[in-house]
Amino acid sequence: MKKEKKEKKKVCRIGGQALIEGVMMQGATSIALSVRSPDGKIVTEAKRRKGTGVWGKIPLIRGMISFVSSLITGTKCIMKSSQQAFPEEETPSTAATVISGILGVVIAIAAFMLLPGWIADFMQQWLNLNVLLKSLIEGVIRIVIFVLYLLLISRMKDIRRTFMYHGAEHRTINCYEHGMDVEVKNVQTCSTRHNRCGTTFLFFVMIISILVFALVNWLVEIILGYNPGKWVLMGVRLLCLPLVAGISYELLRFLALLPDNKFVDIFRAPGLGLQRLTTYPPQDEMAEVAITAFEAVLKMDADPSYPEREFGEYLVCETVSELYKKFDRAGIDRADADWIIAYFTSIKRSELQSSFKKIDKSTYLNICDAADKRLEGTPLDYILGESDFYGIKIKVNQNVLIPRPETELLCEQAIKIIGNSNARVLDLCTGSGCIAAVVASKTNASVTASDVSEKALAVARENCQGLNVECVQSDMFGKLFARIFDVIISNPPYIRSGDLDSLQKEVQREPLTALDGGEDGLKFYREIAEKSPVFLAENGVLLLEIGFDQASEVSALLSVNFTDVQVIKDLEGNDRIIIARKKN
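In our numbering, the protein residues as written are 4 to 587.
In structure tokens form, the structure reads like this:
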């Protein structure tokens, strides 16, 4: 559930960056990139970061290092995200990447450094401007150009999506810092703006550059008495950029550490306002990507043993957590998620949540496909293709009922009655053949398994392969002719026709012909009560599974041709099994 916001925020050293169809999160010791791939799945790369050493702790210098590192890391991350988001497109060569990067820097210098200076020089021809005033005008022009630039690119579809991922990054960090569970519904209630945003940093860079560049101009022109050319002055300014970045970093860091109040908000307001142009409310799917990257960094920072991974690799423990969230929202037992993952990874259920084992994308996609089917209502056993029944594996598909625990009680009673004899046994309405397989494997009986459905019999034959079982296609007793059996066992359809629509959606995925017992649920019991004595040997025994409320009615049907009618309850105390002996 969503938690109330706390007055005191959590300390969070995680920052991030929007990527192409993804988000990068960076913590104290790790960095993670999560991208939504074309197939709709989230792929993540998580790596350990190298420390910055002593230099990374010195004020101003740490800001310079962070500025350069962010440019390099950010560019690499964008390239990686592009490869994951658009794998079919041709990846630019290293040379092309370098050339485009240099071109981008040239354009940025021209737009944000040279152009404001040229405009200020033009204005100085008409106005008598001192060094400080000229630098101020140049700085204002630079800010205006920057804002117009953001306004224009934000109207581009692809850029707007990137800005939405930027909003997802901020919302995720805000959610954590405000003490809420980091999940999509909580993340989407948080602000898309953040005090440590790179947009605010760039705004501070422009403001600080006004002061620094003015000071540089004054030192060069007034104190040294030297009037350098525009290109020389531009070179000096470029050399001053690391200092500007260092000061801006310290200012951003300082304001982020201050408590929230109206006075501090005055200094934060311009940067936060500018973030309205670079952050947009994300879609839920985008928030999910940001959460994935954030949680990867959070776990790696907290646990040095937490493994790194490449794109296309997934951790079992994270896959478990992902499926738990989905199954919780759908109201499905988490155990089903465990069984799915255990099936595809061959890891014990008890070890899944703590397993750092890596699985490839193919295995992950198989898990996700199985989980999606379960979320849509497909029974777990159909998804896995097998059921555990009385200690053996029974193969199942949508042509047969899934064996129930109650039917194990039916088998248990049959095994007791058969004992060590070489009994002739009929499993009527065999379905998957689970009863026939258990009886044949646990006793010396020879078993005939019959069913009206040839598709069901195909499954039964597979389950009874190698056992003393003959499978016969027959509509009840129709094609069994003059066969005689010592024991007849049956779990016939017994659901009332009017109750079928009220069954659980998982049960409704099972074959209705194996469930529908007619208007009153007793259709097949009437036929069994009437015809089975002909096929039973002297003192032959009949064992039936029944509905919890059918004991008296089925007992009455059997009273004509059977004696010693006995009702046995299941583990929940419901009437479930009827045993009767043929009258002589």
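Virtual Cβ for every residue (Gly too), placed ideally from N, Cα, C.
What are the boundary residues of the beta strand (DSSP E) that includes Cys371? Unbroken run through Cys371 is the alpha helix (DSSP H), 364-378; no beta strand (DSSP E).
Which partner residues of Arg427 appear in the DSSP bridge assignment? Ser449
Throw me the rounded Cβ distance for the Thr446 and Ile418 pair, which I believe falls under 8 angstroms. 6 angstroms
Run the CB neighbour count on Phe266, radius 10 Å, all protein chains shown included, and call it buried at 16 or more, exposed below. exposed
Give the C-beta separation of Ala532 and Asn564 to the nearest angstrom, bearing in mind that I take them to be a contact with Cβ-Cβ under 8 angstroms. 7 angstroms
Can you name, in chain order, every residue of its own chain whose Cβ lies under 8 angstroms from the Cβ of Lys5, other than the five neighbours on each side? Reliability of the predicted coordinates at Lys5 is poor, the pLDDT of 45 falling under 50, and the value obtained from them is presented with this limitation in mind. So the list reads Met183, Asp184, Lys188, Asn189, Thr192, once near-sequence residues are dropped.
Gly26, enclosing beta strand (DSSP E) - first and last residue: Looking at the sequence itself, residue 26 is Val, so the reference to Gly does not match. Residues 25-29.
Which same chain residues, not among the five before or five after Asn577, have their C-beta less than 6 angstroms away from its C-beta? Phe551
Specify the secondary structure class of Cys200 as computed by DSSP and reduced to three states. coil
Spatially closest choice to Arg3 from Ile386, Gly543, Phe488, by CA coordinates: Residue 3 lies beyond the stretch modelled for the chain, which goes from 4 to 587, so this question has no answer here.
Quick one: what does DSSP say Lys398 is sitting in, helix, strand or coil? strand
Using DSSP bridges, identify the partner residues of Tyr317. Ile362
Taking Thr47 as part of the beta strand (DSSP E), name the residues at either end of that continuous run. 45-51
Could you compute how far the alpha carbon of Lys482 sits from the alpha carbon of Gln416? 27 angstroms
Alpha carbon of Met167 to alpha carbon of Met289, nearest angstrom: 8 angstroms
Write down the C-beta distance between Ile397 and Cys437 rounded to the nearest angstrom, noting that I regard them as a contact closer than 8 angstroms. 5 angstroms
Measure the C-alpha to C-alpha separation of Ser588 and Ala259 and round it to an integer number of angstroms. Residue 588 cannot be examined here, being either before or after the span of the chain that is shown, 4 to 587.
Can you give the Cα-Cα distance for Val215 and Leu136, rounded to whole angstroms? 13 angstroms
Counterpart residues of Leu539 in DSSP-defined beta bridges: For Leu539, DSSP records a beta bridge to Phe488.
Along the alpha helix (DSSP H) that carries Ala88, what are the first and last residues, could you check? In the DSSP annotation of this structure, the continuous segment of the alpha helix (DSSP H) that includes Ala88 starts and ends at 64-88.
From which residue to which residue does the alpha helix (DSSP H) around Cys414 run? 408-421
Indicate whether Phe297 and Thr175 have their beta-carbon atoms separated by less than 7 angstroms. yes
Between the alpha carbons of Cys243 and Glu316, how many angstroms are there, rounded? Spanning the two alpha carbons is a distance of roughly 43 angstroms.
Examine the Cβ distances between the segment 84-93 and the segment 29-38 and report whether three or more of them are shorter than 8 angstroms. yes
Quick check: the Cα distance between Glu465 and Asp341, rounded to an integer number of angstroms? If you take the alpha carbons of Glu465 and Asp341, they lie about 27 angstroms apart.
With 16 other CB atoms within 10 Å as the buried threshold, where does Phe204 fall? buried
Beta-carbon proximity of Val442 to Val450, cut-off 7 angstroms: yes
Counting C-beta neighbours from all protein chains within 10 Å, is the total for Phe538 16 or more, i.e. buried, or is it exposed? With 16 or more Cβ atoms within 10 Å of its Cβ, Phe538 is classed as buried.
Can you tell me the Cβ-Cβ gap for Met479 and Glu556, rounded? I've got them flagged as a contact below 8 angstroms. A Cβ-Cβ distance of about 19 angstroms is found for the pair Met479 and Glu556, leaving them out of contact under the 8 angstroms criterion.
Provide the residue(s) that pair with Phe392 in DSSP beta bridges, ordered along the chain. According to DSSP, Phe392 bridges with Ile395.
Would you mind giving the Cβ-Cβ distance between Asp409 and Arg579, rounded to the nearest angstrom? I have them listed as a contact below 8 angstroms. This sequence places Glu at residue 409; Asp is not what is there. That pair is a contact at about 5 angstroms.
First through last residue of the beta strand (DSSP E) which encompasses Thr516: Premise fails: Thr516 is in no beta strand (DSSP E) and is neither H nor E.
Per DSSP, the bridge partner or partners of Lys572: Asp578
Any idea if Asn131 is buried or exposed, counting beta-carbon neighbours within 10 angstroms, 16 or more meaning buried? exposed
Spatially closest choice to Ser1 from Pro307, Asp523, Cys371, Lys60, by CA coordinates: Limits of the chain in this structure are 4 at one end and 587 at the other, which puts residue 1 out of reach.
I'd like the list of long-range same chain contacts for Asp287, defined as Cβ closer than 6 angstroms, with 5 residues on each side in sequence excluded. Val187
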